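*Asks:* Residue numbers (the working numbering), protein chains in the order written: chain F, -18 to 315; chain H, 795 to 1260.
For each residue, glycine too, the CB sits at the ideal point set by N, CA and C.
No experiment lies behind these values; they were computed from the predicted model shown.
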Amino acid sequence: MNGMSFDELLPVVFMGLMGLAMLVYVVSDGYDLGVGMLMHRATAAEKDVLIASIGPFWDANETWLVLGIGLLLIAFPKAHGLVLTELYLPVALMLIGLILRGVAFDFRVKAHATHKPTWDRLFCAGSMLASLAQGWMLGRYVSGFGAGWNYPLFAAAIAAALPLAYVLLGACWLIMKTDGELQQRAIEWARIAWLPMVAGLVLISMATPWISATVRARWFVLPDIIALSAIPLMTGVSLLAVRGLLGTRLVRGPVCWLPFVLLIVVFVLGFLGLAYSIYPFVVIDRLTIWQAASGPAALKAILIGVCISVPAIAAYTVLAYRVFRGKTDALRYA
Amino acid sequence: MDPLVLARMQFAANITFHILFPTISIALGWLLLFFRWRYLRAGDPDDRAAWLNAYRFHTKVFALSFALGVVSGVVMSFQFGTNWPGFMEQVGDIAGPLLGYEVLTAFFLEAGFLGIMLFGHGKVSERVHLWATFLVALGTTISAFWILALNSWMQTPAGYTVVDGRYQVASWLQVVFNPSFPYRLTHMLLASALTCAFLLTGLSAWQVLKGAASLAAPRVMRVGLTLAAALIPVQIVVGDLHGLNTLAHQPQKIAAMEGVWQTERGAPLLLFAMPDERLRENRYAVAIPKLASFILRHDVDAEIRGLEEFRGRHPPVLPVFWAFRVMVGMGMLMLLTSWAGWWLLRRSGWQPRRLPRALLRVLAGMTFSGWVATVAGWYVTEIGRQPYIVHGLIRTADVASNVPAPMIALTLGLYVAVYGALALTYVGVLKYMAEKPEQVLATEAAERAASPSGAIAAPLVEEAAS
């Protein structure tokens, strides 16, 4: 990035910020949605603990989606219009899923007790719908909204794989946040989800260069490929470590947090791989970040706010996670 | 159907549903802080328990409203792009930072501390918890500040320059503090306070009617009625000033609100009429002569500019005209019931069970009156801005997306079905909670008993007493 002026650098900075917001969203709401999708496997009493484990967090987690999409809207308005018009229907379905998930969370404990199972089902269905839609959108986005038989197939594969990744993440969250019988069951859920999730990831990693010439050209060149191979290698090692841990007794004890953290590493690596594939496009092959960006004056005005508020947001997010650290007990409003 | 009309209907459906919940949570946040403060300050154990009860009950209402506000707000952040892609392309440099600051300074503040406020009592100190409650209330209000700044800028744009068809900021101070902003912000914050005042009063009245009233009900009703009775006259004055401001900057909106077709001196105030856009006149008009001129210009013979002067540039008349009458009518009803209610409640020694049941029924019936007035008011100002999205500068039709009509119709149907069901459920759940407060508390106690480690199970009252 030598020789780039500050004004030229601004869109890059905002692409980074937007990516960061999306990454935090996918990881943090990913475990919420994963826990939501695991609801149908839990007993009535376990459901309360499942909900309690994500209760204090889901709201703030979802806010990262608003920030991510907000940054797309305000920093890259042209891309925002293009992307959301292309993804019109899946966006609507995701939003309805998120609505159902969000309100079921509150209604289930406030409505008449006989309605609770219905709200629990809606919570599960909403989480599932949102995850599927997000997977589909990711697939369409990565492939540059291409037309032809192979593109929807590719999107469908990601739509199937992303919920599995969320389920695995959610199960690992539960391993960290619960104990006793429920923890044991969460380990089993994680074991079940691991293989199809990994298979899906391998498949998608192979399909992405096949579907996009741009991605192929970025990855399969010497000597870059040697340095880049670190990403898939580290991902593989982390995933194998997760699987290994799930088979040991250690995971029920002092390292119960490790599978969750390793999965976050996997998500971050996947994100870096994706970012490397796409940059400098904001919509692959169609819009670069400079073509899509707002004027430098507007970006500077937002950047000031970002520099002040993002550290503050990070600080009180850490505070919230500290307050509710450790094993989850049943949640109650106080 | 026309995709533009469908896109507008979809956005209107979403924004209508959304505004219901911030309208409650903005003021309810501060009321919760007030309940907490009364609880901490109370000496008498009964008094203490009552305020704690009030706090706990309304925390549930707040949590529910907040969740509904969040989920519908998330939808909105997407619909800017799906429905009006051209809007941000043209005014993104102005609207973007305002929306960005809303998310960064307010949305995260609320969402971050809400967890601690709702679930953290007993996990953090009393002081930290009070701070969390304060920051959530502050967050909702800051949120209103930014959103109303943007909305007001779209009504009365200022502080911008146009470079190559893109709007750029000349002065942020003028953009934020544009001519209609102070009026609109005050009007909305008061609307929120009044909505909550009637909500508190109505739910308490319902509890008394159903024989489910706790120690909290009389206190809450007193707070609600006092707040309503005190603020409604202020709101009427502010509303009038807001109207004068609109007359200066958006005369065609006023003409539509008053049903004035031809520019005239001594314009009458129409109590009833059916404005007919095809004939360009009012049918079945019932009017008080010269009163509109007097209200708007404080002079019975003053001139009011008519819609004819704005042909092709004025909003659809019928919805604006009637939404305005619904808002004002509801305001008058609120004035009447809050003053009568406050006076009678005072005479009964602040004991709602001694109030006439008819009055309790009226108050319970007005639980959501604030919603009606607020939504009607927003319809006046938003439909009244049409055919523009930014008044006088950018037409709504020019920024719409090219998504095919059937797709918009399908998602519109989905949203309306979900929103309709949720609004009904919300009202139903509030009614249920009001009728069965002990049952709601029992569920809570059961959850507490099931809690494995008991870290947050310390009962609040005991802790406070020690």
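Would you say H:Ala844 lies against chain F (beta-carbon separation less than 9 angstroms)?
*Replies:* To locate residue 844 of chain H, count along the second sequence from 1; it is residue 50. H:Ala844 does not count as touching chain F.
*Asks:* Is it buried or exposed, H:Pro1012, if we count other Cβ atoms within 10 angstroms and call 16 or more buried?
*Replies:* Taking the first residue of the second sequence as 1, we reach residue 1012 of chain H at position 218. Result: buried.
*Asks:* Sorted by chain position, which residues of the same chain lie with C-beta nearer than 7 angstroms to F:Arg199's C-beta, five sequence neighbours on each side aside?
*Replies:* By 1-based counting over the first sequence, the position of residue 199 of chain F is 218. For F:Arg199, where only same-chain residues beyond five positions count, the Cβ hits under 7 angstroms are Tyr257 and Ser258.
*Asks:* Could you tell me if F:Gly62 is buried or exposed, where buried requires 16 or more neighbouring beta carbons within 10 angstroms of its beta carbon?
*Replies:* Reading the first sequence from its first residue, position 81 is the one you call residue 62 of chain F. By the 10 Å Cβ count, F:Gly62 comes out buried.
*Asks:* Go ahead and pull the three-state DSSP assignment for F:Gln37.
*Replies:* Residue 37 of chain F sits at position 56 when you count from the first residue of the first sequence. For clarity, residue 37 of chain F is Pro in the given sequence; the question names Gln instead. It is coil, neither helix nor strand.
*Asks:* In chain F, what lies closer than 7 angstroms to H:Asp887 by C-beta?
*Replies:* If you number the second sequence from 1, residue 887 of chain H lands on position 93. Simply Ser275, Gly276, Ala278 and Ala279.
*Asks:* For a test of the three-state rule: what should DSSP assign to H:Val869, helix, strand or coil?
*Replies:* In the second sequence, residue 869 of chain H corresponds to position 75, counting from 1. Note: H:Val869 maps to helix in three-state DSSP.
*Asks:* Closer than 7 angstroms, Cβ to any Cβ of chain F: which residues of the region 1183 to 1195 of chain H, in chain order?
*Replies:* Ser1195
*Asks:* Who does H:His915 pair with in a DSSP beta bridge?
*Replies:* The residue given as residue 915 of chain H occupies position 121 in the second sequence. H:His915 is bridged to H:Val918.
*Asks:* Can you give me, in chain order, the residues of the region 889 to 906 of chain H that have a beta carbon less than 7 angstroms from any beta carbon in chain F?
*Replies:* Gly890, Pro891, Leu893, Gly894, Tyr895, Val897, Leu898, Thr899, Phe901, Phe902, Ala905 and Gly906
*Asks:* Near H:His981, what residues of its chain come up, given a Cβ to Cβ distance below 7 angstroms and the 5 sequence neighbours on each side ignored?
*Replies:* As a working note, residue 981 of chain H is residue 187 in the second sequence. Answer for H:His981: Val1032, Gly1033 and His1036, listed in chain order.
*Asks:* Within the 9 angstroms Cβ cut-off, does F:Phe86 reach chain H?
*Replies:* Within the first sequence, residue 86 of chain F is the residue found at index 105, counting from 1. Closer than 9 angstroms: yes.
*Asks:* Quick one: residues in its chain with C-beta nearer than 6 angstroms to the C-beta of H:Pro816, no 5 flanking neighbours on either side, listed in chain order?
*Replies:* Along the second sequence, one-based indexing puts residue 816 of chain H at 22. Cβ within range, chain order: Gly863.
*Asks:* Our contact map puts H:Leu858 next to F:Lys91 with C-beta atoms below 8 angstroms; I'd like the distance itself, whole angstroms only.
*Replies:* Here residue 858 of chain H refers to the residue found at position 64 when the second sequence is read from its first residue. Here residue 91 of chain F refers to the residue found at position 110 when the first sequence is read from its first residue. At roughly 6 angstroms, the Cβ-Cβ gap stays under 8 angstroms, so H:Leu858 and F:Lys91 are in contact.
*Asks:* Would H:Lys917 pass as a contact of F:Val304 if the rule is Cβ separation under 9 angstroms?
*Replies:* One-based indexing of the second sequence puts residue 917 of chain H at position 123. One-based indexing of the first sequence puts residue 304 of chain F at position 323. Contact: yes.
*Asks:* In whole angstroms, what is the alpha-carbon distance linking H:Leu983 and H:Ser819?
*Replies:* Along the second sequence, read from residue 1 onward, the residue named residue 983 of chain H stands at position 189. Along the second sequence, read from residue 1 onward, the residue named residue 819 of chain H stands at position 25. Each residue's alpha carbon lies about 11 angstroms from the other.
*Asks:* Across the region 77 to 84 of chain F and the region 96 to 109 of chain F, are there enough close Cβ pairs to call them in contact, namely three or more that are closer than 8 angstroms?
*Replies:* yes
*Asks:* Measuring alpha carbon to alpha carbon, tell me which residue in H:Leu967, H:Ser1008 and H:Asn877 is nearest F:Glu67.
*Replies:* Looking up residue 67 of chain F in the first sequence gives position 86. Of the candidates H:Leu967, H:Ser1008 and H:Asn877, the one whose C-alpha sits nearest the C-alpha of F:Glu67 is H:Asn877.
*Asks:* Which residues in the same chain as H:Gln968 place their Cβ atom closer than 7 angstroms to its Cβ, once the five residues preceding and following it in sequence are excluded?
*Replies:* Here residue 968 of chain H refers to the residue found at position 174 of the second sequence. Counting only Cβ-Cβ distances below 7 angstroms, and skipping sequence neighbours, we find Ala952 and Gly953.
*Asks:* Helix, strand or coil, according to DSSP, for F:Thr189 in the structure here?
*Replies:* Position 208 of the first sequence, counted from the start, is the residue given in the question as residue 189 of chain F. When secondary structure is reduced to three states using DSSP, F:Thr189 falls in the helix class.
*Asks:* Can you list, in chain order, the residues of its chain whose CB lies under 8 angstroms from that of F:Ala295, leaving out five sequence neighbours each side?
*Replies:* On the first sequence, residue 295 of chain F is found 314 positions in, with the first residue counted as 1. Cβ neighbours of F:Ala295 beyond the five flanking positions: none.
*Asks:* Could you name the residues of the region 1136 to 1161 of chain H whose beta carbon sits closer than 7 angstroms to any beta carbon of chain F, in the order they occur along the chain?
*Replies:* none
*Asks:* In three-state terms, what does DSSP make of H:Glu1176?
*Replies:* Indexing the second sequence from 1 puts residue 1176 of chain H at position 382. H:Glu1176: helix per DSSP, three-state reduction.
*Asks:* Using only alpha-carbon positions, find the residue among F:Ala26, F:Val202 and F:Ile168 that is nearest to F:Pro98.
*Replies:* Residue mapping note: residue 98 of chain F aligns to position 117 of the first sequence, counting from 1. Closest in alpha carbon position to F:Pro98, among F:Ala26, F:Val202 and F:Ile168, is F:Ala26.
*Asks:* Quick check: is the beta carbon of F:Phe262 nearer than 9 angstroms to any beta carbon in chain C?
*Replies:* Among the chains of the structure shown, chain C does not appear; the protein chains present are F and H.
*Asks:* Kindly give me the distance between the Cβ atoms of F:Pro240 and F:Leu226, rounded to whole angstroms, as I take these residues to be in contact under 8 angstroms.
*Replies:* Within the first sequence, numbered from 1, the residue matching residue 240 of chain F stands at position 259. Within the first sequence, numbered from 1, the residue matching residue 226 of chain F stands at position 245. Right, the Cβ-Cβ distance comes to about 5 angstroms (below 8 angstroms), so this counts as a contact.
*Asks:* Output, in chain order, the set of chain F residues within a Cβ distance shorter than 7 angstroms of H:Leu942.
*Replies:* Looking up residue 942 of chain H in the second sequence gives position 148. Near H:Leu942 there are no residues of chain F at all, since even the closest Cβ is about 17 angstroms away, more than 7 angstroms.
*Asks:* Give me the Cα-Cα distance between H:Arg1147 and H:Leu1138, rounded to the nearest whole angstrom.
*Replies:* The residue given as residue 1147 of chain H occupies position 353 in the second sequence. The residue given as residue 1138 of chain H occupies position 344 in the second sequence. Taking the straight line joining both Cα atoms gives about 12 angstroms.
*Asks:* For H:Thr1205, does the three-state DSSP call read helix, strand or coil?
*Replies:* Position 411 of the second sequence, counted from the start, is the residue given in the question as residue 1205 of chain H. Here H:Thr1205 sits in helix by DSSP.
*Asks:* Going by DSSP, which residues form a beta bridge with H:Tyr1182?
*Replies:* To locate residue 1182 of chain H, count along the second sequence from 1; it is residue 388. Answer by DSSP bridge pairing, in chain order: H:Arg1189.
*Asks:* Whole angstroms is fine: what's the gap from F:Gly251's alpha carbon to F:Asn131's?
*Replies:* Start at 1 with the first residue of the first sequence, and residue 251 of chain F comes out as number 270. Start at 1 with the first residue of the first sequence, and residue 131 of chain F comes out as number 150. If I take the Cα positions, the gap works out to 22 angstroms.
*Asks:* I'd like to check one pair, H:Leu1206 with H:Met803: are the Cβ atoms closer than 9 angstroms?
*Replies:* In the second sequence, counting from the first residue as 1, residue 803 of chain H sits at position 9. In the second sequence, counting from the first residue as 1, residue 1206 of chain H sits at position 412. Yes. Within cutoff.
*Asks:* Nearest-angstrom Cα distance between H:Ala784 and H:Gly894?
*Replies:* Because chain H spans 795 through 1260 in this model, residue 784 of chain H falls outside it and cannot be assessed.
*Asks:* Could you give the DSSP three-state label for H:Ile1082: helix, strand or coil?
*Replies:* In the second sequence, the residue the question calls residue 1082 of chain H occupies position 288. Note: H:Ile1082 maps to strand in three-state DSSP.
*Asks:* At least one CB of chain H closer than 9 angstroms to the CB of F:Phe38: is that the case?
*Replies:* For the purposes of this step, residue 38 of chain F is taken as the residue at position 57 of the first sequence. Yes, because at least one Cβ of chain H sits closer than 9 angstroms to the Cβ of F:Phe38.
*Asks:* Since H:Arg1061 meets chain F, which of its residues come closer than 8 angstroms, beta carbon to beta carbon?
*Replies:* Position 267 of the second sequence, counting from 1, holds the residue named residue 1061 of chain H. The sequence given here has Ala at residue 1061 of chain H, not Arg. Under the 8 angstroms cutoff, chain F gives no residues; its nearest Cβ is about 42 angstroms from H:Ala1061.
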